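Enquirer: By the working numbering, the letter at position 118 of the sequence shown is numbered 121, and the numbering carries on one by one without gaps. In this text, a Cβ means the ideal position worked out from N, Cα and C, and glycines have one as well. Keep in mind it's a predicted model, so treat the numbers as computed, not measured. Have a look at the structure that comes next, please.
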Amino acid sequence: MKLARKTRRKSKRPSSLEKLVREITGEPANKFGAVKKDVDGIRFDSTKEANRYEQLKLLVRAGKIRDLRLQVRYDLIPKQKFSDGSSMVGTYYLADFVYFDCDKGCEVVEDVKGKRTDVYQIKRKLMKLILNIEILET
Numbered sequence: 004m005k006l007a008r009k010t011r012r013k014s015k016r017p018s019s020l021e022k023l024v025r026e027i028t029g030e031p032a033n034k035f036g037a038v039k040k041d042v043d044g045i046r047f048d049s050t051k052e053a054n055r056y057e058q059l060k061l062l063v064r065a066g067k068i069r070d071l072r073l074q075v076r077y078d079l080i081p082k083q084k085f086s087d088g089s090s091m092v093g094t095y096y097l098a099d100f101v102y103f104d105c106d107k108g109c110e111v112v113e114d115v116k117g118k119r120t121d122v123y124q125i126k127r128k129l130m131k132l133i134l135n136i137e138i139l140e141t
């Protein structure tokens, strides 16, 4: 009886050479393959997020939205202290963009998504449950 030979899967981790090339070229190491981009002196985590920022700037100029803010923090679970003196850090959600939509008459919390991670999905649910805020995914 022949046993099936196990084949080695290629590791998703970058090799030492890939790390060195990224260090020399200044290319960011992002596990989702996103490339950082600078716009107006602001560094964005991805080209998609930078492009969305440029679209939102046009909407501000057109008067469709106002009060555009970037990287707005929402505290979801406060820091926890235990009886033995130890503590656990709190949990927060960092929105990519927050602005007031003049047509809808309400504030919008927006997140530019490439990949919906498990952590993001939990934080999205906590935003709705705790703060009654729905996140617009673009």
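Return the CA-CA distance between Val75 and Met91, expressed in angstroms with no decimal places.
Expert: Locating residue 75 in the sequence shown gives position 72, where the first residue counts as 1. Locating residue 91 in the sequence shown gives position 88, where the first residue counts as 1. If I take the Cα positions, the gap works out to 22 Å.
Enquirer: What does the Cβ neighbour count give for Ser49, buried or exposed, with the cut at 16 atoms within 10 Å?
Expert: For this step, residue 49 is matched to residue 46 along the sequence shown. Buried, since its Cβ has 16 or more Cβ neighbours within 10 Å.
Enquirer: Using a Cβ-Cβ cutoff of less than 7 Å, which residues in the same chain neighbour Tyr95 once the five nearest sequence positions on both sides are dropped?
Expert: Start at 1 with the first residue of the sequence shown, and residue 95 comes out as number 92. The residues are Arg76, Tyr77, Asp78 and Leu79.
Enquirer: With burial defined as no fewer than 16 other Cβ atoms inside 10 Å of the residue's Cβ, what is the status of Ile133: buried or exposed?
Expert: Locating residue 133 in the sequence shown gives position 130, where the first residue counts as 1. Exposed, by the Cβ-count rule.
Enquirer: Take Lys118 as the anchor and find which of Cys105, Thr141 and Tyr102 has the nearest alpha-carbon.
Expert: As a working note, residue 118 is residue 115 in the sequence shown. Ranking Cys105, Thr141 and Tyr102 by Cα distance to Lys118 puts Thr141 first.
Enquirer: Report the rounded CA-to-CA distance for Leu59 versus Asp43, giving the unit in angstroms.
Expert: As a first step, residue 59 must be located in the sequence shown, where it is residue number 56. As a first step, residue 43 must be located in the sequence shown, where it is residue number 40. Their Cα atoms are separated by approximately 13 Å.
Enquirer: Out of Val111, Met130 and Val122, which one is the CA nearest neighbour of Arg3?
Expert: Beyond the ends of the chain as shown, which are 4 and 141, falls residue 3; an answer cannot be given.
Enquirer: How far does the beta strand (DSSP E) with Asp41 in it reach, from first residue to last?
Expert: For the purposes of this step, residue 41 is identified with residue 38 of the sequence shown, where counting begins at 1. First-last of the beta strand (DSSP E) with Asp41: Lys40 to Val42.
Enquirer: Suppose only complete runs of 3+ residues qualify. What are the beta strand (DSSP E) ranges in the segment 49 to 103, listed by chain order?
Expert: 68 to 80
Enquirer: Determine whether the beta carbon atoms of Asp106 and Lys82 lie at a separation below 8 Å.
Expert: Residue mapping note: residue 106 aligns to position 103 of the sequence shown, counting from 1. Residue mapping note: residue 82 aligns to position 79 of the sequence shown, counting from 1. Contact flag unset, no.
Enquirer: In terms of alpha-carbon separation, which member of Lys116, Asp99, Ser86 and Glu137 lies closest to Cys109?
Expert: Numbered from 1 along the sequence shown, position 106 holds the residue referred to as residue 109. Taking only the C-alpha atoms, the option nearest Cys109 is Glu137.
Enquirer: Please classify Asp87 as buried or exposed, where buried requires at least 16 other C-beta atoms within 10 Å of its C-beta.
Expert: Mapped onto the sequence shown, residue 87 falls at position 84. Classification for Asp87: exposed.
Enquirer: Considering only C-alpha positions, which residue in the set Ala53, Gly93, Tyr123 and Val38 is nearest to Phe100?
Expert: On the sequence shown, position 97 is the one that residue 100 refers to. For the residues Ala53, Gly93, Tyr123 and Val38, the minimum Cα distance to Phe100 belongs to Ala53.
Enquirer: Look up Ile138 in the DSSP assignment and give the residues it is bridged to.
Expert: Here the question's residue 138 lines up with position 135 in the sequence shown. Bridge partners of Ile138: Val112.
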